[in-house]
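According to our numbering, the sequence shown is numbered sequentially starting from 14. Data first, discussion second: the structure below is written as C-alpha cells.
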Amino acid sequence: MSDIINSNQNFQLSIKNEADLEKISFIGAALSSIDKLKILQLLSVKPMTLSELSRALDLAVSTVSFHVDSLVKAQLIFISYEPGVKGHVKLCTKATHNLYIDFDMVTNSETKILNSRESIEMPIGNFVDCNIQSPCGIAGKTEQLIENDSPNAFFSPNRSQAELIWFQSGYISYLFPTHFFKSNINYKQISFSFELCSETVYFRNDWPSDITIWINDIEIATYTSPGDFGGRRGKYTPEYWFINSTQYGLLRRFTVTNAGVFIDNQLVNRRITFDDLKLKETNRIKLTIGIKDDAVHKGGINLFGKHFGDYPQSIIMTISD
C-alpha cells in the first residue's frame, strides 16, 4: 500500500483559496531544511529506501524518517512498501514534479494561464560552432569518440553521440528552435540548465575556472566553477571511463528575467534583462558557453550529457511566462 495514491502531481495552489492554505503551510515546512531538499534531489533520480537515503546523506535513519514524514505530509513524495529481508521496507518516491503557488490576492477578469512553459533538451554533441584549444576531447557512452587534444576533429559526425566534452579555452555554441512560441503568451523568462565543471589533467577538486554564458551573442554572466571533480565515480559515468579522470560536475541553472540574470536563483547581473535578448525577433536561440581570453581563472570546462556525471540530463532550455 502507499500513503499517497496519486503520484506525478502538478500542484497549482493559491492563497486566495482557503482550502489551499493548510497544504501551502505543509509545503513550506517540508522545504524548510537543506536535508529535505537533498532528499528531493536524490528522489528525482530514482526511488530510494530510508536506509539508502541515510547512507547517501550520512544521516541517522531516524532523522531521515522524520524528514520523509514531513515531505509525505506535504504530498511532495509518497511511500510504498516492498518485501525486504526482515519484513517490508519503505520505498520513497517523488510525487510532485511541478509546484505553482499564487500569492496574488487580486482577481484578474482576464483568462490567466498558469505556469505556461516550454522546455527543450539539447544533446551536448549537437553543437553548431566551436573554437576551442587543447587539451580537449569528446567521449561517448561506450567509448571515446575522437583522439585527445584534436580540436580539428570536433566537427566529426560522431560528435552527436557525445556525453562528455572538455576543452581548456575557447567556446562552444548551440542553436535552439523557437517554433513553440505562442503569440498569446507574454514570455518573461528563459533559463538553461546543465552539468559542468573545470578542466585540468586527471582531476583537481580545487581548480577554479571562469565560465561565461552568452544568449544570442549577449554576455549574460560568468560563473566560477570551483573545481574539476573526481575521487569517486560519477553516478552516471560509464565503467570504461578512467577512475582517475574527471567524474562529475555541478548542475547549474542560468536564468534571465526582466529583473536581471540569476545563477541558481541568485541575482548576479541587473544590466541584462529578458527583453534585451529579443527572442521573438529571430528563428533560433543561440547559447554559447566558453572561457574568455581575459578570464581571471582560465581553468577549462567539462560539459556533461545524460550518461556522464551525476545528473541524467543534457542542456535543458526552458522558457516561461
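C-beta atoms are modelled at their ideal positions from N, C-alpha and C, and glycine is treated no differently. Given the structure is predicted, the values throughout are model-derived calculations rather than measurements.
Only buried fits Y187, as 16 or more other CB atoms lie within 10 angstroms of its CB. Only residues of its own chain outside the window of five on either side were considered, and among them L264, R265, R266, F267, Q326, I328, I329, T331 have a CB closer than 8 Å to the CB of S206, listed in chain order.
Ranked by Cα distance from S129, the first of I203, D289, E31 is I203.
Secondary structure within the region 132 to 215: the beta strand (DSSP E) runs of 3 or more consecutive residues, fully enclosed, are 142 to 152, 177 to 190, 202 to 210 (chain order). Around the beta-carbon of V269, 16 or more other beta-carbon atoms lie within 10 Å, marking it buried. For S45, no alpha helix (DSSP H) segment is defined, and its DSSP state is neither H nor E.
DSSP places D223 inside the beta strand (DSSP E), whose first and last residues are 222 to 228. Per DSSP, E232 is one residue of the beta strand (DSSP E) stretching across 231 to 238. In this structure, G247 sits away from G318, with a CB-CB distance that is not shorter than 8 Å. Following the DSSP letters along the chain, one finds T286 in no beta strand (DSSP E), marked with neither H nor E. In the DSSP assignment, the residues bridged to Y94 are K103.
The secondary-structure analysis by DSSP pairs I276 across a beta bridge with F267, Q279. With contacts defined by Cβ atoms closer than 8 Å, G153 and E176 form a contacting pair. C-alpha of H101 to C-alpha of P60: approximately 15 Å in a straight line. In this chain, the alpha helix (DSSP H) harbouring T76 covers 74 to 86. The beta-carbon separation of N315 and E212, rounded to 5 Å, stays under the 8 Å limit for a contact.
Around the C-beta of A234, 16 or more other C-beta atoms lie within 10 Å, and the residue is accordingly described as buried. The C-alpha of A272 lies about 36 Å from the C-alpha of F91. Take S57, set aside five residues on each side of it, and the residues of its chain with a beta-carbon closer than 7 Å to its own are K107, in chain order. Cβ contact annotation for W227 (same chain, cutoff 6 Å, sequence separation greater than five): T301, in chain order.
Annotation: L89 is outside any alpha helix (DSSP H) and is labelled neither H nor E by DSSP. At the C-beta level, D288 and N199 stay beyond 8 Å of one another.
If you draw a straight line from the Cα of K103 to the Cα of A43, it is about 19 Å long. Buried is the label assigned to G183, since at least 16 other Cβ atoms lie within 10 Å of its Cβ. S222 places its beta carbon less than 8 Å from that of G313. Judged by beta-carbon spacing, K36 lies beyond the 8 Å limit of L50, meaning their Cβ atoms are not closer than that value.
Between L72 and D48, the gap from beta carbon to beta carbon is short of 8 Å. The DSSP-derived three-state label of K36 is helix.
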